[in-house]
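Scroll down for the structure; my scribbles are underneath it.
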Amino acid sequence: MSLKHLFPALERGGVHYLDSAATSMRPESVLRAMDDYYRYDSANPHRGLYDMSQRSTAAYDGSRSVVAKFIGALPEETIFVRNTSEALNLIAYCFAPSVLGEGDNVVIPITEHHSNIVTWQYVCKKQLAELRYLYIDRETGAIPDGEFSKIDGRTKIVAFAHVTNVLGSVNPVEKLVAAAKKVGAATVCDIAQSVPHMPVDVRALGVDFAAFSAHKMYGPMGIGALYGRLELLEAMPPFMYGGDMIEDVREQETDFAPLPSKFEAGTQNCGGAVGFAAAVKFIEEVGYGAIAANEAALLRKLTEGLRKIPGVTIACDAGAYERHAAVSFLVDGVHPHDVSTILNDSDIAVRAGKHCAHPLLDYLEIPFRSTTRASLGVYSDADDIDALLEALPKVRRIMGYGD
Amino acid sequence: MAIEEMYTRLITEHSRDKRNRREMPEATHSHRGVNPSCGDEITLRLREEDGVIKDAAFTGSGCAISQASASMMADLLTGRTAEDAKRLAELFLGMIRGDVTDEAQLEELEEAISLRGVAKMPARVKCAVLPWHTLQESLK
Numbered sequence: 001m002s003l004k005h006l007f008p009a010l011e012r013g014g015v016h017y018l019d020s021a022a023t024s025m026r027p028e029s030v031l032r033a034m035d036d037y038y039r040y041d042s043a044n045p046h047r048g049l050y051d052m053s054q055r056s057t058a059a060y061d062g063s064r065s066v067v068a069k070f071i072g073a074l075p076e077e078t079i080f081v082r083n084t085s086e087a088l089n090l091i092a093y094c095f096a097p098s099v100l101g102e103g104d105n106v107v108i109p110i111t112e113h114h115s116n117i118v119t120w121q122y123v124c125k126k127q128l129a130e131l132r133y134l135y136i137d138r139e140t141g142a143i144p145d146g147e148f149s150k151i152d153g154r155t156k157i158v159a160f161a162h163v164t165n166v167l168g169s170v171n172p173v174e175k176l177v178a179a180a181k182k183v184g185a186a187t188v189c190d191i192a193q194s195v196p197h198m199p200v201d202v203r204a205l206g207v208d209f210a211a212f213s214a215h216k217m218y219g220p221m222g223i224g225a226l227y228g229r230l231e232l233l234e235a236m237p238p239f240m241y242g243g244d245m246i247e248d249v250r251e252q253e254t255d256f257a258p259l260p261s262k263f264e265a266g267t268q269n270c271g272g273a274v275g276f277a278a279a280v281k282f283i284e285e286v287g288y289g290a291i292a293a294n295e296a297a298l299l300r301k302l303t304e305g306l307r308k309i310p311g312v313t314i315a316c317d318a319g320a321y322e323r324h325a326a327v328s329f330l331v332d333g334v335h336p337h338d339v340s341t342i343l344n345d346s347d348i349a350v351r352a353g354k355h356c357a358h359p360l361l362d363y364l365e366i367p368f369r370s371t372t373r374a375s376l377g378v379y380s381d382a383d384d385i386d387a388l389l390e391a392l393p394k395v396r397r398i399m400g401y402g403d
Numbered sequence: 404m405a406i407e408e409m410y411t412r413l414i415t416e417h418s419r420d421k422r423n424r425r426e427m428p429e430a431t432h433s434h435r436g437v438n439p440s441c442g443d444e445i446t447l448r449l450r451e452e453d454g455v456i457k458d459a460a461f462t463g464s465g466c467a468i469s470q471a472s473a474s475m476m477a478d479l480l481t482g483r484t485a486e487d488a489k490r491l492a493e494l495f496l497g498m499i500r501g502d503v504t505d506e507a508q509l510e511e512l513e514e515a516i517s518l519r520g521v522a523k524m525p526a527r528v529k530c531a532v533l534p535w536h537t538l539q540e541s542l543k
């Protein structure tokens with residue numbers, strides 16, 4: 001059964017929303033939780049001794065516990081940040097300099113989002129270290145075994161997405177973690193594209209850090225979480241300085257608060273945290289089993305349908321990887337921005353462009369350095385896929401190609 | 404507006420047209436314009452002699468609208484004075500902003516008048532104006 005009726009943005013129709021990998025829509029329960037918090041409980045948490053501040057504190061801290069449990073972490077290991085990018089920056093600023101020196105290297109797959117590239121470029125330049133890429137097979141999208149030897153004795157950090165945002169491919173986390181552990185490198189996993197679709201347990205993944213955003217998993221924009229192993233976070237210096245992250249301040253010295261407050265300076269995004277926790281509850285109520293079953297069936301329908309349309313090609317379609325909830329495709333001779341504008345005329349919302357992954361598109365030598373991407377969410381249904389498959393053949397015709 | 408009214412034959416043909424898509428070794432002006440948000444980019448090249456644009460061409464990559472706009476603009480510029488070219492750029496931008504609607508006045512843009520519909524597509528305005536902004540920068 002379609003869950004569109006739970007999402008105000010979708011229930012009234014008018015849009016086939018196939019851009020959940022960019023941001024998901026938010027269900028009524030998340031909107032209500034945030035609205036209730038701001039209406040009735042939004043005193044400053046951690047400060048007041050009166051009832052409303054206590055309720056606010058309980059809402060904020062309680063939300064953290066919900067989010068931490070969701071990924072199998074402790075609340076002290078779960079830092080609220082603005083988004084995945086900020087979480088990765090926190091690692092780059094507060095952890096990387098302590099392990100990375102001249103001649104060392106950071107290793108990332110070529111499939112990464114800019115948030116997991118630019119941050120490492122920054123820190124590698126600063127520390128005179130090298131940024132190395134694991135290249136994928138252009139046909140299959142998989143990382144060949146030979147690439148893993150780039151993780152060597154000078155590797156200090158291996159960073160990778162769990163599920164990649166352009167191809168929807170699942171990275172071989174187990175192999176990456178094993179290769180990193182063998183040489184004593186820290187591992188950073190961007191789980192932003194996986195948590196909306198599959199259960200993620202940071203300890204089972206065995207990574208040192210993980211980062212994700214609420215807005216891709218039915219929560220609000222402007223809040224995300226960083227997971228870090230306790231002993232690593234404890235050894236790291238603060239990221240931002242200010243209120244609420246201190247234990248004691250003297251004129252020239254400060255003792256910082258214990259985790260997680262050490263990394264949360266100033267009044268935090270409490271409404272966002274409440275929405276984040278409500279989004280976790282929403283996912284748990286629907287259940288990953290139901291989510292995965294729906295998305296897998298739709299993805300099959302989508303990929304099979306795309307392959308039948310003349311002039312349409314799926315990127316890296318040989319698919320030696322498991323694909324999750326996203327497909328990038330090309331329409332021969334047509335720029336993806338034109339594809340998207342034409343699809344919009346049929347009320348279809350897809351992402352078109354470079355997907356914050358310029359190095360990948362260059363490496364794959366994709367025409368126009370851009371793709372069109374359709375991605376799924378919990379509310380996606382067969383109607384959405386049918387609408388896309390029906391509208392796509394029109395694209396080349398409208399653009400003046402005679403097929 | 405139906406989508407077919409945007410992607411007219413004139414626009415789709417210009418977007419693929421190769422006449423003005425070329426290098427120009429003898430260019431007197433060369434300027435690169437980029438839309439960072441979508442990645443469209445063109446390099447506009449002009450050959451100006453005695454204040455008159457003798458040749459206009461471009462290279463680059465982008466959507467049909469940006470490329471068609473560049474091709475139409477190159478056609479329009481040949482034989483114009485630099486001052487005239489600046490005035491036409493203003494006229495085109497005025498049309499896209501919706502400030503200039505007088506048909507007789509817009510006729511002067513020749514085929515580029517066919518991009519008028521972009522004014523109603525806010526997401527695509529930046530594509531249509533990229534070549535013209537590049538022209539303005541190049542003649543500064």
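Residue numbers (the working numbering), protein chains in the order written: chain A, 1 to 403; chain B, 404 to 543.
Each residue gets a CB set at the ideal place from its N, CA and C atoms; glycine is no exception.
Keep in mind it's a predicted model, so treat the numbers as computed, not measured.
Length-filtered (3 minimum) beta strand (DSSP E) runs lying within the segment 94 to 157 of chain A: Counting whole runs of 3 or more residues, the segment 94 to 157 of chain A contains the beta strand (DSSP E) stretches 105 to 109 and 130 to 134.
For a contact meaning CB atoms closer than 7 Å, what does D201 of chain A contact in chain B? For a Cβ distance threshold of 7 Å, nothing in chain B lies close to D201 of chain A: the least Cβ distance comes to about 37 Å.
Near S418 of chain B, which residues of its chain fall below 6 Å by C-beta distance, leaving aside the five closest residues on each side in sequence? Excluding positions up to five away in sequence, the list reads A467, Q470 and A471.
For G501 of chain B, does the count of other Cβ atoms within 10 angstroms reach 16, so buried, or fall short, so exposed? The residue is exposed, with fewer than 16 neighbouring Cβ atoms inside 10 Å.
To the nearest angstrom, how far is the alpha carbon of T313 of chain A from that of L330 of chain A? Cα-Cα distance, rounded: 5 Å.
Beta-carbon neighbours of S370 of chain A, restricted to chain B and to distances below 8 Å: Within chain B, the residues near S370 of chain A are G442.
The segment 336 to 347 of chain A: positions lying closer than 7 Å to chain B by Cβ: Identification of residues in the segment 336 to 347 of chain A having a C-beta nearer than 7 Å to some C-beta of chain B yields H337, D338, T341, I342 and D345, given in sequence order.
Would A405 of chain B count as contacting chain A if we go by Cβ distances under 9 Å? It does; some Cβ of chain A falls within 9 Å.
For G520 of chain B, go through chain A and note every residue whose CB falls closer than 7 Å to its CB, in chain order. Contacts between G520 of chain B and chain A, judged by CB atoms closer than 7 Å, are missing: the closest CB pair is about 11 Å apart.
Which residues bound the alpha helix (DSSP H) around G497 of chain B? A485 to R500 is the extent of the alpha helix (DSSP H) around G497 of chain B.
Report the neighbours of I398 of chain A on chain B: residues whose CB is nearer than 7 Å to its CB, in chain order. I406, E407 and Y410, listed in chain order.
Let me know the secondary structure DSSP gives S42 of chain A once reduced to three states. Shown here, S42 of chain A sits in coil according to DSSP, grouped into three states, outside any helix or strand.
Closer than 8 Å is the cut-off here; do at least three beta carbon pairs connect the segment 2 to 18 of chain A with the segment 200 to 216 of chain A? Touching, no.
Would you say the segment 255 to 263 of chain A touches the segment 111 to 120 of chain A, given that touching needs at least three Cβ pairs under 8 Å? The segment 255 to 263 of chain A is not in contact with the segment 111 to 120 of chain A.
Step through the CB atoms of chain B and report whether any lies within less than 9 Å of the CB of G333 of chain A. Interface criterion met: the Cβ of G333 of chain A is under 9 Å from a Cβ in chain B.
Which term fits H434 of chain B, buried or exposed, when burial requires 16 or more other beta carbons within 10 angstroms of its beta carbon? Result: buried.
Going by DSSP, which residues form a beta bridge with S328 of chain A? Beta-bridge annotation (DSSP): S328 of chain A is paired with A:R373.
Count the other CB atoms, across all protein chains shown, that sit within 10 Å of the CB of R527 of chain B; report buried if there are 16 or more and exposed otherwise. Counting the other Cβ atoms within 10 Å of the Cβ of R527 of chain B gives 16 or more, which makes it buried.
Is the distance from the Cβ of I499 of chain B to the Cβ of A459 of chain B below 9 Å? No.
Below-9 Å beta-carbon distance, A467 of chain B vs any chain A residue: Yes, A467 of chain B lies at the interface with chain A (some Cβ there is under 9 Å from its Cβ).
Bridge partners of F256 of chain A, per DSSP? Under DSSP, F256 of chain A forms a beta bridge with A:I246.
Assuming contact is defined by CB atoms lying nearer than 9 Å, are A279 of chain A and A214 of chain A in contact in what I supplied? Yes, they are a contact pair.
Express the C-alpha separation of E322 of chain A and S85 of chain A in angstroms, rounding to a whole number. S85 of chain A and E322 of chain A: Cα-Cα distance of roughly 25 Å.
DSSP-derived helix/strand/coil call for A290 of chain A: In the structure shown, A290 of chain A sits in a helix (DSSP, three-state: H, G or I).
Tell me which residues of the segment 457 to 487 of chain B have at least one Cβ-Cβ distance to chain A shorter than 9 Å, keeping chain order. Listed by position, the residues of the segment 457 to 487 of chain B near chain A (Cβ gap below 9 Å) are S464, G465, C466, A467, I468, S469 and Q470.
Measuring from the CB of Q127 of chain A, is there a heavy atom of the ligand FMN at a distance below 8 Å? Here there are no bound small molecules, and the ligand FMN is not part of this structure.
Excluding sequence positions up to five away, which residues of its chain have a Cβ less than 7 Å from the Cβ of F368 of chain A? H335 and P336, listed in sequence order.
Answer yes or no: does any C-beta atom of chain A fall closer than 9 Å to that of M524 of chain B? Yes, M524 of chain B lies at the interface with chain A (some Cβ there is under 9 Å from its Cβ).
Would you mind giving the Cβ-Cβ distance between L167 of chain A and C316 of chain A, rounded to the nearest angstrom? I have them listed as a contact below 8 Å. Between L167 of chain A and C316 of chain A, the beta carbon gap of about 6 Å places them in contact (Cβ cut-off 8 Å).
Could you tell me if H5 of chain A is buried or exposed, where buried requires 16 or more neighbouring beta carbons within 10 angstroms of its beta carbon? Residue burial annotation: H5 of chain A is exposed, with fewer than 16 other C-beta atoms found within 10 angstroms of its C-beta.
At a Cβ threshold of 9 Å, is R450 of chain B touching chain A? Chain A, which has no Cβ nearer than 9 Å to the Cβ of R450 of chain B, makes this no.
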